[in-house]
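Undergrad:
Numbering (the working numbering), first residue to last: 39 to 150.
1. For residue 87, report the span of its beta strand (DSSP E) as first-last.
2. Out of 107, 96 and 48, point me to the one whose CA is closest to residue 122's CA.
3. CA-CA distance, residue 105 and residue 94?
4. According to the neighbour-count rule (16 or more other Cβ atoms, all chains shown, within 10 Å of its Cβ), is residue 70 buried or exposed?
5. In chain order, what residues of the same chain have a beta carbon less than 6 Å from the beta carbon of residue 130, not counting five sequence neighbours either side?
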């Protein structure tokens with residue numbers, strides 16, 4: 039919908055396998071994905087395909103409705119280990135460059 043409206047946005051995603059709680063309970067299938075407006079820093083949308091996502095999405099919904107910036111979720115301290123702490127990981131990817139270095143490869147990649 040953001041694309042159809044001509045809105046500028048950045049897409050970030052993270053695999054559910056990266057969530058500590060998901061590994062503990064062995065429910066690592068899935069993906070977390072969000073669209074963020076790079077100018078206003080508002081979350082335009084979020085999709086969570088993982089176990090217990092119905093509990094986590096309500097936190098995101100409140101932030102969207104309050105028109106708070108994504109940094110609110112990025113910087114919030116969540117209990118460990120919980121699924122909600124995955125929001126730190128997801129929103130920390132906005133506007134970041136990741137540098138990948140190895141003896142064979144050296145390149146940088148922007149999350150999109």
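All residues carry an ideal CB built from backbone N, CA and C; glycine is no exception. Bear in mind that the values here come from a model prediction, so they are computed numbers and not experimental data.
TA: So, from the data block:
1. 81-88
2. 96
3. 18 Å
4. buried
5. 112
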